[in-house]
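Asker: One structure, pasted below without further comment.
In the working numbering, the protein residues as written are 28 to 1108.
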């Protein structure tokens, strides 16, 4: 019923083989209760209850062991269990099989087995011990299953679709394939089909297209048409802005071809077919040139094509800038002339050129004829340049010829250059125009010859052939011949044909001659006249322009002015969770009341937990309790909430409740409590609140009572002293143990130290304290003197001397230092923080822009930290004191203007120029803009060193930066600094933090990195430029949290250059990865 079965299995149970697992089998019967099977180092397995009274359960479980012994335990309670046939087998691991000749588990070579795991799409299999891995040929990537090779037309970065956007060519789509892609639709309300993706082999005829796959929208529904279904399938109603994942596949199971359409791995449509076809020369559009496009994007567009036995020819690479629709596919279908044609109505240098193309293949030779009409004819010199790009799969011999009629191909003087790379032929010809120009006359027989190749009822017949064009136009015929082609060549791809004309004399209306006089460019009305008013944006079009409005604006009836859309009235997007909508020009802003914070969706408000972010109840034992939209401070027993409702004051029980009012007891108030005492002749009773009178007789009873009354307090005091001494001894022992943890290892590019606690310790007799210069939360700061000989024995002295950047002077008999002494009233937590700060400063090492540690000591029985003394104090007060002494000397003028410059400085500059006997700025105690720039550089230099040493400061501000002699800047106050090993520090303690200097991720996620220090550096730049100005002076911390999340940043100060303000904005980038690092700064 209740109990435990256990047995141990060791190496004596096993045969001498390798690469094996343990198979454990067990028959068991359970009624009620909970029973488990445990095998050493593996999670417990819960045994199931039997379904009926006569049914036994059978367990077969496999374990991969890491040790040669283990324990099996069956235990449970609360029911009834019987088990039988507990067996243990040795079986070969996955990827191994037993060889009966060697009596060992040997590796299975999956790559040569019948399974062939890497068979799909050119996958290559590599066998490993107990497993295998697949690899792909160049241009393909391994799929999610790690066995299939995938070709990505569009990878994980999304691609915005637009009409006629060709993204690739597939020479052959096999009978087995998989096409996958993700689609995001941002808007779709059209009554007509709007194309997203289309695979087709139209051969440049829209009306003879063979559509293999088409995905499109109509109204708010998504549709898929495939060649196999022969009908459009309506999938579902569109969810805007969501990414939709699709797979279209066709696989062969040995008997039938299975065709399926899947959405998010779920099958929407499937069917089986006896036979399918192979598609050649497929063009891929996103979206096609014939349907309307829509606002959508695609990503992860991939193809898995065929098996490795059939193979797949490479995807044709499309040259940059080539329109896929203009690519002509020339196929060898029969041994007779096959006519293809395309019509390009384009403008070459604003003189319209119409091109007709027809091709023929016969007996291993390919000929392409390009028919070019240039009109109207303008008198100009120079040459005509023809350019062609073709793809052939096989190397061939191209020959190009030109004529102005159908008989004489040697009439014109020309020179052609042919280059071949990666299957692409690039052909350029400069046709001498002088011979054409001197002998030009229209040749109507040429047009008659060409008409036989172009149907009379074609829509472009009049463009090519009418009397007006024949009499005014120049017609040129180009013949491109490829000879000695291999018999297995199936297709050519004619990518582009381009004609350019040099030496133009003028352009038509709406166009202007370019600077090289070889082309005409559109007259950009948006730049030259800007006809669009009131926040409208001008977009230039060919020969015209249109005015557009940004999001949040609508175009007026005049079609040139934009007006603000009041989203708060029309849409009210801020209706969630107490958010308030405020309309602003071109947009809107959702605001929250006090005690609420704008959420990540920027439209709803969430409660601010003030107890975590601000901790307003940290004074005098007050406790913070968060409420919806606010908070509440409360006090522990013996305390009462003060008038400020955030701090606690002692509750005087003696006045308010007088708990000592019984039998002449006297109430004495204490901090957080009270004490009852008695007058002479009375002693305190057991209730500690009432007094009992001492009897007046002189007998033994009276003497005993008096003796007890005297001895009892003495005994209590003695016990209290013993306890206090014991606590004090333990505390000293703990402090000594903590100080022994100061051992530290330091290294940088110049030196390497192994430092123990004794090497930092300085005796208090060698330190002479002077006046007090500051006070912190748990320490006081003094100026002190230290003997030069003592200083020379410190690690600080060695580090300083070994650094060439050091500016320290050790010639005086005594040196000034700063000493931070822990207060006697410090708590254990404050002592631990102080010890942590000392340990951290030991690890920072030396840098000229860091306040460096000299040593540590025990002064007046208190732990102390000795650091460098900076005579000018903190940078914040230093800058504010210099506000009337900022000057701009002549030699610094040009550099300073790029940093700070105002009219006030100009007046000072003029005053300096008028002074005949100029006094140096150093003597005047003045600052120059270059000094401010130097301050910023020194701070960045010190922070770069901290970042390289893997430290995050967390409290970088002007108040924590000190100024020494010669305007030397050093970063100080490392109380919040932390060492980070993984570049990120997650704050755990709840403490007051400088919100106005903190980055967004530090405020909301308590995540601190070097990038969050860069944000603080941007605020320090603001303090330096404004000479000690206060950041966000009119904004409270609560308001700032919401504003920062909405994208608000401080405005550029009046004396700050655009370049410096741009640096500040980079430091305040919401994305930490988008901020510069300190080395760049």
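Every residue, glycine too, gets a C-beta built ideally from N, C-alpha and C.
Runs of 4 residues minimum, wholly inside the region 589-617: which ones carry the alpha helix (DSSP H) assignment?
Answerer: The region 589-617 contains these whole alpha helix (DSSP H) runs: 594-597.
Asker: Is residue 77 near residue 97, with beta carbons less than 8 Å apart?
Answerer: No, the Cβ-Cβ distance between residue 77 and residue 97 is not below 8 Å.
Asker: Grouping DSSP H, G and I as helix and E and B as strand, with all else coil, what is residue 444?
Answerer: Residue 444: strand per DSSP, three-state reduction.
Asker: Taking 6 Å as the limit between beta carbons, can you name the residues of its chain near residue 62, skipping five residues before and five after?
Answerer: Only 74, 103 and 108 meet the Cβ criterion.
Asker: DSSP three-state call for residue 1097: helix, strand or coil?
Answerer: Three-state DSSP puts residue 1097 in coil, outside helix and strand.
Asker: Do you know how far the Cα of residue 848 is from the Cα of residue 978?
Answerer: Cα to Cα, residue 978 sits roughly 24 Å from residue 848.
Asker: Per the DSSP calculation, residue 150 is bridged to which residue(s)?
Answerer: DSSP lists 163 as partners of residue 150.
Asker: Contact between the region 278-297 and the region 148-167 is defined here as three or more beta-carbon pairs at a separation below 8 Å; is this criterion met?
Answerer: The region 278-297 is not in contact with the region 148-167.
Asker: Between residue 72 and the rest of its own chain, which residues show a CB-CB distance below 7 Å, the 5 nearest in sequence each way excluded?
Answerer: Excluding positions up to five away in sequence, the list reads 63, 64 and 88.
Asker: Just list the residues that DSSP pairs residue 653 with in beta bridges.
Answerer: Residue 653 is bridged to 658.
Asker: Who pairs with residue 278 in a beta bridge, going by DSSP?
Answerer: 285.
Asker: Out of 423, 596, 628 and 179, which has the shortest C-alpha to C-alpha gap to residue 1073?
Answerer: Considering only alpha carbons, the answer is 628.
Asker: Under 6 Å Cβ to Cβ from residue 174, same chain only, skipping five residues before and after it: list those, please.
Answerer: Closer than 6 Å at Cβ, skipping near neighbours: 144, 145 and 161.
Asker: Alpha carbons only, please: which of 55, 579 and 413 is nearest the one belonging to residue 525?
Answerer: Ranking the options by Cα distance to residue 525, first place goes to 413.
Asker: The alpha helix (DSSP H) spanning residue 959 covers which residue range?
Answerer: Start and end: 956-975.
Asker: For residue 225, report the span of its beta strand (DSSP E) as first-last.
Answerer: Segment 221-227, the beta strand (DSSP E) holding residue 225.
Asker: So, for residue 587: in the same chain, excluding its five sequence neighbours on each side, which residues have a beta-carbon less than 7 Å away from its beta-carbon?
Answerer: Taken in chain order, the residues that qualify are 558, 559, 560, 563 and 574.
Asker: Here's the rule: buried if 16 or more other CB atoms are within 10 angstroms of the residue's CB, otherwise exposed. What is residue 94?
Answerer: When all chains shown are included, residue 94 counts as exposed.
Asker: For residue 315, which residues in the same chain have their Cβ closer than 8 Å to its Cβ, ignoring the five residues on either side in sequence?
Answerer: Once the five neighbours on either side are set aside, the close Cβ partners of residue 315 are 190, 191, 222, 225, 227 and 241.
Asker: Would you call the CB atoms of residue 681 and residue 694 closer than 8 Å?
Answerer: Contact: yes.
Asker: Assuming residue 585 is part of the alpha helix (DSSP H), what are its boundary residues?
Answerer: That residue, residue 585, is in no alpha helix (DSSP H); it is neither H nor E in DSSP.
Asker: Where does residue 1062 sit, in a helix, a strand or coil, going by DSSP?
Answerer: Coil, per DSSP.
Asker: Rounded to whole angstroms, what's the CA-CA distance from residue 84 to residue 56? Just pull it up for me.
Answerer: Answer to the nearest angstrom: the Cα atoms are 6 Å apart.
Asker: Go ahead and pull the three-state DSSP assignment for residue 135.
Answerer: Three-state DSSP puts residue 135 in coil, outside helix and strand.
Asker: From the DSSP output, in three-state form, read off residue 1043 for me.
Answerer: Three-state result, residue 1043: helix.
Asker: Does the Cβ-Cβ distance between residue 150 and residue 176 come in under 8 Å?
Answerer: Yes, these two residues count as a Cβ contact at 8 Å.
Asker: How is the alpha helix (DSSP H) around residue 640 delimited, first residue to last?
Answerer: That run of the alpha helix (DSSP H) goes 637-640.
Asker: Could you check what DSSP says for residue 1029 in three-state terms: helix, strand or coil?
Answerer: Helix.
Asker: Just to confirm the assignment, what range does the beta strand (DSSP E) spanning residue 104 have?
Answerer: Here the beta strand (DSSP E) through residue 104 covers 97-119.
Asker: Alpha carbon to alpha carbon, how far is residue 273 from residue 205?
Answerer: So the two alpha carbons sit approximately 10 Å from each other.
Asker: Could you check what DSSP says for residue 825 in three-state terms: helix, strand or coil?
Answerer: DSSP places residue 825 in helix when its eight states are reduced to three.
Asker: Is residue 301 buried or exposed, if buried means 16 or more other CB atoms sit within 10 Å of its CB?
Answerer: Exposed, since its Cβ has fewer than 16 Cβ neighbours within 10 Å.
Asker: Assuming the contact rule is C-beta atoms closer than 8 Å, residue 115 and residue 44 should be a hit. Round their C-beta distance to whole Å, please.
Answerer: Not a contact, Cβ separation roughly 14 Å.
Asker: The beta strand (DSSP E) spanning residue 89 covers which residue range?
Answerer: Segment 84-90, the beta strand (DSSP E) holding residue 89.
Asker: By how many angstroms is the C-alpha of residue 312 removed from the C-alpha of residue 1035?
Answerer: Near 46 Å, if we compare the C-alpha coordinates of residue 312 and residue 1035.
Asker: Grab the span of the beta strand (DSSP E) containing residue 326 for me, first residue to last.
Answerer: Counting along the chain, the beta strand (DSSP E) containing residue 326 begins and ends at 322-332.
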